[in-house]
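Colleague: Protein chains in written order, with this note's numbering: chain A, 10 to 467; chain B, 10 to 467.
Virtual Cβ for every residue (Gly too), placed ideally from N, Cα, C.
These numbers were taken from a predicted model, which means no experiment stands behind them.
There are 2 protein chains.
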Amino acid sequence: MAITNRVMTYENLEHRVYEALAHNNLESLKEYLATQHPANIAAVLDRLNHPQRHQVFALLAPAQQAKVLDELSTEATQNVLDILSPQEVGVLLNYMPMDEAARLLAEEVPKQRAELLEVMSPEHAAAVQTLLQYPPESAGRMMTEKFARVQPELTAAETLAYLRQINPEVETLTDLYVLNPAGQLIGVVSLRDVVVAAPERCIDELMNTELVTVAPDTDREEVARLVSHYDYLAMPVVTPDKHMLGIIPVDDVIDALVAEQTEDIMKFGGMEGGGISNQPYFTVPLPMVIRKRVGWLFLLFVAETFTGTVLRHFEDELAKVVALSFFIPLLIGTGGNTGAQTVSTLIRGLALGQIQMRDIWRVIQRELLSGLLMGSLLGLVAFGRALLWGSSTQLSLVVGLTVVAICTWANTIGALIPLLAYRLRIDPAVVSAPLITTLVDATGLAIYMLIAKAILGL
Amino acid sequence: MAITNRVMTYENLEHRVYEALAHNNLESLKEYLATQHPANIAAVLDRLNHPQRHQVFALLAPAQQAKVLDELSTEATQNVLDILSPQEVGVLLNYMPMDEAARLLAEEVPKQRAELLEVMSPEHAAAVQTLLQYPPESAGRMMTEKFARVQPELTAAETLAYLRQINPEVETLTDLYVLNPAGQLIGVVSLRDVVVAAPERCIDELMNTELVTVAPDTDREEVARLVSHYDYLAMPVVTPDKHMLGIIPVDDVIDALVAEQTEDIMKFGGMEGGGISNQPYFTVPLPMVIRKRVGWLFLLFVAETFTGTVLRHFEDELAKVVALSFFIPLLIGTGGNTGAQTVSTLIRGLALGQIQMRDIWRVIQRELLSGLLMGSLLGLVAFGRALLWGSSTQLSLVVGLTVVAICTWANTIGALIPLLAYRLRIDPAVVSAPLITTLVDATGLAIYMLIAKAILGL
Numbered sequence: 010m011a012i013t014n015r016v017m018t019y020e021n022l023e024h025r026v027y028e029a030l031a032h033n034n035l036e037s038l039k040e041y042l043a044t045q046h047p048a049n050i051a052a053v054l055d056r057l058n059h060p061q062r063h064q065v066f067a068l069l070a071p072a073q074q075a076k077v078l079d080e081l082s083t084e085a086t087q088n089v090l091d092i093l094s095p096q097e098v099g100v101l102l103n104y105m106p107m108d109e110a111a112r113l114l115a116e117e118v119p120k121q122r123a124e125l126l127e128v129m130s131p132e133h134a135a136a137v138q139t140l141l142q143y144p145p146e147s148a149g150r151m152m153t154e155k156f157a158r159v160q161p162e163l164t165a166a167e168t169l170a171y172l173r174q175i176n177p178e179v180e181t182l183t184d185l186y187v188l189n190p191a192g193q194l195i196g197v198v199s200l201r202d203v204v205v206a207a208p209e210r211c212i213d214e215l216m217n218t219e220l221v222t223v224a225p226d227t228d229r230e231e232v233a234r235l236v237s238h239y240d241y242l243a244m245p246v247v248t249p250d251k252h253m254l255g256i257i258p259v260d261d262v263i264d265a266l267v268a269e270q271t272e273d274i275m276k277f278g279g280m281e282g283g284g285i286s287n288q289p290y291f292t293v294p295l296p297m298v299i300r301k302r303v304g305w306l307f308l309l310f311v312a313e314t315f316t317g318t319v320l321r322h323f324e325d326e327l328a329k330v331v332a333l334s335f336f337i338p339l340l341i342g343t344g345g346n347t348g349a350q351t352v353s354t355l356i357r358g359l360a361l362g363q364i365q366m367r368d369i370w371r372v373i374q375r376e377l378l379s380g381l382l383m384g385s386l387l388g389l390v391a392f393g394r395a396l397l398w399g400s401s402t403q404l405s406l407v408v409g410l411t412v413v414a415i416c417t418w419a420n421t422i423g424a425l426i427p428l429l430a431y432r433l434r435i436d437p438a439v440v441s442a443p444l445i446t447t448l449v450d451a452t453g454l455a456i457y458m459l460i461a462k463a464i465l466g467l
Numbered sequence: 010m011a012i013t014n015r016v017m018t019y020e021n022l023e024h025r026v027y028e029a030l031a032h033n034n035l036e037s038l039k040e041y042l043a044t045q046h047p048a049n050i051a052a053v054l055d056r057l058n059h060p061q062r063h064q065v066f067a068l069l070a071p072a073q074q075a076k077v078l079d080e081l082s083t084e085a086t087q088n089v090l091d092i093l094s095p096q097e098v099g100v101l102l103n104y105m106p107m108d109e110a111a112r113l114l115a116e117e118v119p120k121q122r123a124e125l126l127e128v129m130s131p132e133h134a135a136a137v138q139t140l141l142q143y144p145p146e147s148a149g150r151m152m153t154e155k156f157a158r159v160q161p162e163l164t165a166a167e168t169l170a171y172l173r174q175i176n177p178e179v180e181t182l183t184d185l186y187v188l189n190p191a192g193q194l195i196g197v198v199s200l201r202d203v204v205v206a207a208p209e210r211c212i213d214e215l216m217n218t219e220l221v222t223v224a225p226d227t228d229r230e231e232v233a234r235l236v237s238h239y240d241y242l243a244m245p246v247v248t249p250d251k252h253m254l255g256i257i258p259v260d261d262v263i264d265a266l267v268a269e270q271t272e273d274i275m276k277f278g279g280m281e282g283g284g285i286s287n288q289p290y291f292t293v294p295l296p297m298v299i300r301k302r303v304g305w306l307f308l309l310f311v312a313e314t315f316t317g318t319v320l321r322h323f324e325d326e327l328a329k330v331v332a333l334s335f336f337i338p339l340l341i342g343t344g345g346n347t348g349a350q351t352v353s354t355l356i357r358g359l360a361l362g363q364i365q366m367r368d369i370w371r372v373i374q375r376e377l378l379s380g381l382l383m384g385s386l387l388g389l390v391a392f393g394r395a396l397l398w399g400s401s402t403q404l405s406l407v408v409g410l411t412v413v414a415i416c417t418w419a420n421t422i423g424a425l426i427p428l429l430a431y432r433l434r435i436d437p438a439v440v441s442a443p444l445i446t447t448l449v450d451a452t453g454l455a456i457y458m459l460i461a462k463a464i465l466g467l
């Protein structure tokens, strides 16, 4: 009994690959690669240069190539597929579960989609086309048809015998799905419960009939929320009349969670997340980065020009009391910071389902109140700071009161805008920190100038 | 064969609970609750008022109470435990897996920790105390000891017989962990592979010896990254000499991912995430919200006062050309927005392991270049906009050049600061959008004024 207990790591593999390429020792690398995890191979391929990448990819068996392709970045996928003939790509697509093949065709090589569907096996192509009917980022796009179907009248012993037969065809055996003759889902039973049950017990005695399912057009974010809420290892996808279409395994749900997380933080940072959120940092070409960023920057720039309009409107007042302008960045900065905090709280509360439509007024009241309280605390500090700088009591009062007003205002619209987006069925995560900062800048300036005019009698 | 195929939802349950409370129909509610998912019961309890919450909680059997407690918000947990005697709480803790009991004692009722450990069963208390030695948010805190241990020399048939015996004691049977007589992990085999194998085959022929494990002090974020990378359903936790301590099931990993996600977006929004990130929006008391927010706001406020210092330094220049002040919010706003985008890209790249220490210079070069390119595009627009506003060519040139300089600068320090945090082993997510905006504000103003002085000859 010779047991090798190797710890599998990305670093080990990367080292081996570079060594083998340097010494042109490809035969032994081929053997080694066959034992490695596809995710690690993909991570190494992502970092190699083009000729090395092609060399290493060619060492893999087609089944492993298919698995590695699913984990590769978009850039590397396109690059690897470029050197294969459509027929070769078709073979790889046939090896993939239908959700992965659909994702590849829709997201990574959309231009060759029609051509590649032609060279796939007809049943496989038909299955993939069914998935492609569902909207992107929906449950229908993530599901696999390779789940274990069982009949309610089988005994535990019969079920185990049956599973031995179908084993090669299913992706996961952790849960078995009980279908009636019409193909409707009537229960779920875990492999564990079948294994430990007395051999003569029937599936319909063992199965759980309290089901949580999703429709094929359910958004992937909702799927992730349900799987995390119920601690499931897979989520069944059914039609409205309960016909079972497929399952979404938990590892795909985790991938969706991570992708959503990236998209959310990108959007919150004021960027278009779509398309680049699944791509490793270095693999996104610079022109694409700029395209994804400059659009938002430009829009925000245009919105920000209103600050100039507001200030020009109060040109006389600013000329009379130049000291007013010293406080401009401090005041609008504080407003922007407060608003950014509120937006991030709201985005999470909405994403996790903690805040619902009926809660809108409660949220606004709560944020208005907390804005007022925080504004009062900071306003006192601002008043003191302005005095210390040698500003007049009146000017200091203007600054202090403006902080109170701006914090309350920023907190309220920082809550209002994500709620409005949610109400209009727009993802609240599009309300970015830069967007709220920009909105608060122009309106905050107007508040400042109006308070100044009133108190200083300008 | 009567199959009820009910779709289990939170809304159904909430409706039933309110109905039963209104009609004081508690007996039938008790029966209904026994069939419901603990996560749904917890979600309803979170929204009930205190007396109703106590009434409904009392209807649950102790084993279900223990499961519900694990899903409740901190506020509701404390509230529910308040009305129980320490002995009663001790009984509930004994029902919990050790990781959940440890989390409850450490995070939800830290003050009663010593007292409650006393009333737990001695073995259970000892197990929990072992977990509490590991740092918060580490693998050691998340693991359960209730995994299936098997010996390498068992046959598949013997293994299945053995699993029927130990079934009640283990939390998950999806994977079986193969230990040698010294208790060291030597392989993992899935229940699926055991079920479909020929009955006489031995575990050591079936098991996978390419292992990925974590140490008990591994951070939960790293655990999540590994589970998502390798598509695992559980992660084994071992000591440096490979003694198996426990496993972290995938559902706990998902909870950790969601909590980290919340923490990241809170931090990025400029808030202290710790402590409130697992709590539903409405359950966080207002004074705590303010405490968590006002500290950062105050710090940023102090940093932002440097903008005043910069402007006062250039008081004469501003008095001579009042129009200079019109562009202040626009220029520093654009800098802040650019910086926020870069920070969000960097935080994700670092969190997902796409950017490593050796990549620092590549990142800085890349961000400097993209900042320069985006700045040039926006600078052209700014120059045109200033001219249209009737500013002099010279002033417009100042504005345009400042945009180029500020974008380049903001992009570079937006990359530098998360990298610096990473290097110092601080979570890069503490670099919030407000922090970067504030930093860019004061430095951006100085850049603006210096360019103005040089070109306008002030």
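Provide the residue(s) that pair with P427 of chain A in DSSP beta bridges, ordered along the chain.
Modeller: For the purposes of this step, residue 427 of chain A is taken as residue 418 along the first sequence, with counting starting at 1. According to DSSP, which records beta bridges pairwise, P427 of chain A is partnered with nothing at all.
Colleague: Measuring straight from C-alpha to C-alpha, what distance separates R201 of chain B and T271 of chain B?
Modeller: On the second sequence, residue 201 of chain B is found 192 positions in, with the first residue counted as 1. On the second sequence, residue 271 of chain B is found 262 positions in, with the first residue counted as 1. Going from the Cα of R201 of chain B to the Cα of T271 of chain B covers about 35 Å.
Colleague: Where S401 of chain B and L459 of chain B are concerned, what is the direct C-alpha to C-alpha distance, given to the nearest angstrom?
Modeller: Along the second sequence, one-based indexing puts residue 401 of chain B at 392. Along the second sequence, one-based indexing puts residue 459 of chain B at 450. Approximately 18 Å between the Cα atoms of the pair.
Colleague: At which residues does the beta strand (DSSP E) containing P71 of chain B begin and terminate?
Modeller: If you number the second sequence from 1, residue 71 of chain B lands on position 62. Run containing P71 of chain B: none in the beta strand (DSSP E); it sits in the alpha helix (DSSP H), P71 to E80.
Colleague: Can you give me the Cβ contacts of A29 of chain A inside the same chain, cut-off strictly under 6 Å, excluding the 5 residues immediately before and after it?
Modeller: Walking along the first sequence from the start, residue 29 of chain A turns up at place 20. Same-chain partners within the cutoff: L38.
Colleague: Specify the secondary structure class of A11 of chain A as computed by DSSP and reduced to three states.
Modeller: What you label residue 11 of chain A is simply residue 2 of the first sequence in a count that begins at 1. Because the pLDDT at A11 of chain A is just 35, under 50, the model does not fix this residue reliably, and the value given afterwards should be weighed accordingly. DSSP places A11 of chain A in coil when its eight states are reduced to three.
Colleague: Where does P249 of chain B fall in DSSP's three states?
Modeller: Mapped onto the second sequence, residue 249 of chain B falls at position 240. Of the three classes helix, strand and coil, the one that applies to P249 of chain B here is coil, per DSSP.
Colleague: So the alpha helix (DSSP H) Y239 of chain A belongs to, where does it begin and stop?
Modeller: Your numbering for residue 239 of chain A matches position 230 in the first sequence. Note, Y239 of chain A: alpha helix (DSSP H), R229 to Y239.
Colleague: So is P144 of chain B buried or exposed if we call it buried at 16+ other beta carbons inside 10 Å?
Modeller: Here the question's residue 144 of chain B lines up with position 135 in the second sequence. Exposed, because fewer than 16 other Cβ atoms sit within 10 Å of the Cβ of P144 of chain B.
Colleague: For E23 of chain A, collect the residues of the same chain with a Cβ closer than 6 Å to its Cβ; drop the 5 residues on either side in sequence, then sort them by chain order.
Modeller: Numbered from its first residue, the first sequence carries residue 23 of chain A at position 14. Contacts found: V53.
Colleague: Based on the DSSP output, what are the partners of D184 of chain A in its beta bridges?
Modeller: Counting from one through the first sequence, the residue named residue 184 of chain A turns up at place 175. A:S199, per the DSSP bridge assignment.
Colleague: H24 of chain A versus chain B: which residues are under 8 Å apart at the beta carbon?
Modeller: By one-based count along the first sequence, residue 24 of chain A stands at place 15. Residues of chain B passing the Cβ test: none, with the nearest at roughly 14 Å.
Colleague: Round the Cβ separation of T314 of chain B and R394 of chain A to the nearest angstrom and send it over; I've been treating them as touching at under 8 Å.
Modeller: Position 305 of the second sequence, counted from the first residue, corresponds to residue 314 of chain B. Position 385 of the first sequence, counted from the first residue, corresponds to residue 394 of chain A. Correct: roughly 6 Å between the Cβ atoms.
Colleague: Starting from R158 of chain B, trace the alpha helix (DSSP H) both ways and give me its first and last residue.
Modeller: Translated into the one-based positions of the second sequence, residue 158 of chain B becomes position 149. R158 of chain B -> not in any alpha helix (DSSP H); beta strand (DSSP E) instead, spanning A157 to V159.
Colleague: The alpha helix (DSSP H) that contains I337 of chain B, what's its start and end?
Modeller: Counted from its first residue, the second sequence places residue 337 of chain B at position 328. Segment I337 to A360, the alpha helix (DSSP H) holding I337 of chain B.
Colleague: The alpha helix (DSSP H) that contains N189 of chain B, what's its start and end?
Modeller: Taking the second sequence and counting its residues from 1, one reaches residue 189 of chain B at position 180. First-last for N189 of chain B: undefined, no H or E at that position.
Colleague: So which residues on chain E does I356 of chain A lean against when the C-beta distance must stay under 9 Å?
Modeller: No chain E is present in this structure, whose protein chains are A and B.
Colleague: Could you say if the segment 345-355 of chain B and the segment 440-447 of chain A meet the contact criterion of at least three C-beta pairs nearer than 8 Å?
Modeller: The segment 345-355 of chain B vs the segment 440-447 of chain A: in contact.
Colleague: By DSSP's criteria, N103 of chain B is part of a beta bridge. Which residues make up the other side?
Modeller: For the purposes of this step, residue 103 of chain B is taken as residue 94 along the second sequence, with counting starting at 1. The partner list for N103 of chain B (beta bridge, DSSP) is empty, contrary to what the question assumes.
Colleague: Which word fits K276 of chain B, buried or exposed, when buried means at least 16 other C-beta atoms lie within 10 angstroms of its C-beta?
Modeller: Translated into the one-based positions of the second sequence, residue 276 of chain B becomes position 267. Its Cβ being crowded by 16 or more others within 10 Å, K276 of chain B is buried.
Colleague: To the nearest whole angstrom, what separates the beta carbons of L429 of chain B and V372 of chain B, a pair I think is in contact under 8 Å?
Modeller: Counting from one through the second sequence, the residue named residue 429 of chain B turns up at place 420. Counting from one through the second sequence, the residue named residue 372 of chain B turns up at place 363. Not a contact, Cβ separation roughly 12 Å.
Colleague: For the segment 134-141 of chain B against the segment 160-178 of chain B, do three or more pairs of beta-carbon atoms, one drawn from each stretch, fall closer than 8 Å, so that the two count as touching?
Modeller: Taking 8 Å as the limit for Cβ pairs, the verdict is that the segment 160-178 of chain B does not touch the segment 134-141 of chain B.
Colleague: Classify P161 of chain B as buried or exposed, calling it buried when 16 or more other Cβ atoms lie within 10 Å of its own Cβ.
Modeller: By one-based count along the second sequence, residue 161 of chain B stands at place 152. When all chains shown are included, P161 of chain B counts as buried.
Colleague: With W305 of chain A as the anchor, note down where its alpha helix (DSSP H) starts and where it stops.
Modeller: In the first sequence, residue 305 of chain A corresponds to position 296, counting from 1. Note, W305 of chain A: alpha helix (DSSP H), L295 to H322.
Colleague: Please say whether V77 of chain B and P479 of chain B have beta carbons closer to each other than 7 Å?
Modeller: One cannot answer for residue 479 of chain B here, as it falls past the ends of chain B, which runs 10 to 467.
Colleague: Can you tell me whether E162 of chain A is helix, strand or coil according to DSSP?
Modeller: Within the first sequence, the letter at position 153 stands for residue 162 of chain A. The answer is coil: DSSP assigns E162 of chain A none of H, G, I, E or B.
Colleague: Under 8 Å by Cβ, that's how I've got A85 of chain A and D55 of chain A pegged, so tell me the actual separation to the nearest angstrom.
Modeller: If you number the first sequence from 1, residue 85 of chain A lands on position 76. If you number the first sequence from 1, residue 55 of chain A lands on position 46. Yes, they are in contact, since the Cβ atoms of A85 of chain A and D55 of chain A sit about 5 Å apart, within 8 Å.
Colleague: Buried or exposed: where does G466 of chain B fall if 16 or more other Cβ atoms within 10 Å of its Cβ makes it buried?
Modeller: Counted from its first residue, the second sequence places residue 466 of chain B at position 457. With fewer than 16 Cβ atoms within 10 Å of its Cβ, G466 of chain B is classed as exposed.
Colleague: Does A463 of chain B pass the burial test, meaning 16 or more other C-beta atoms within 10 Å, or should it be called exposed?
Modeller: Numbered from its first residue, the second sequence carries residue 463 of chain B at position 454. Label assigned to A463 of chain B: exposed.
Colleague: What residue range does the alpha helix (DSSP H) around P517 of chain B cover?
Modeller: In the structure as shown, chain B starts at 10 and stops at 467, and residue 517 of chain B therefore has no counterpart that could be examined.
Colleague: If you draw a straight line from the C-alpha of T139 of chain A to the C-alpha of L242 of chain B, how long is it?
Modeller: Within the first sequence, residue 139 of chain A is the residue found at index 130, counting from 1. Within the second sequence, residue 242 of chain B is the residue found at index 233, counting from 1. Distance between the alpha carbons of T139 of chain A and L242 of chain B: 29 Å.
Colleague: Determine whether the Cβ of T452 of chain A lies closer than 7 Å to any Cβ atom of chain B.
Modeller: Along the first sequence, read from residue 1 onward, the residue named residue 452 of chain A stands at position 443. Output row for T452 of chain A: interface = no.
Colleague: Between T222 of chain A and T153 of chain A, what straight-line distance do the alpha-carbon atoms span, to the nearest angstrom?
Modeller: Along the first sequence, read from residue 1 onward, the residue named residue 222 of chain A stands at position 213. Along the first sequence, read from residue 1 onward, the residue named residue 153 of chain A stands at position 144. The straight-line gap from Cα to Cα measures roughly 14 Å.
Colleague: Decide if I50 of chain A is buried, meaning its Cβ has at least 16 other Cβ atoms within 10 Å, or exposed.
Modeller: Taking the first residue of the first sequence as 1, we reach residue 50 of chain A at position 41. Buried is the call here.
Colleague: Does S237 of chain A come within less than 7 Å of chain B when only Cβ atoms are used?
Modeller: Numbered from 1 along the first sequence, position 228 holds the residue referred to as residue 237 of chain A. So, interface residue.
Colleague: Leaving out the 5 sequence neighbours to the left and right, which residues in its chain are closer than 8 Å to M383 of chain A when beta-carbon positions are compared?
Modeller: Locating residue 383 of chain A in the first sequence gives position 374, counting from the first residue. The residues are T347, C416 and N420.
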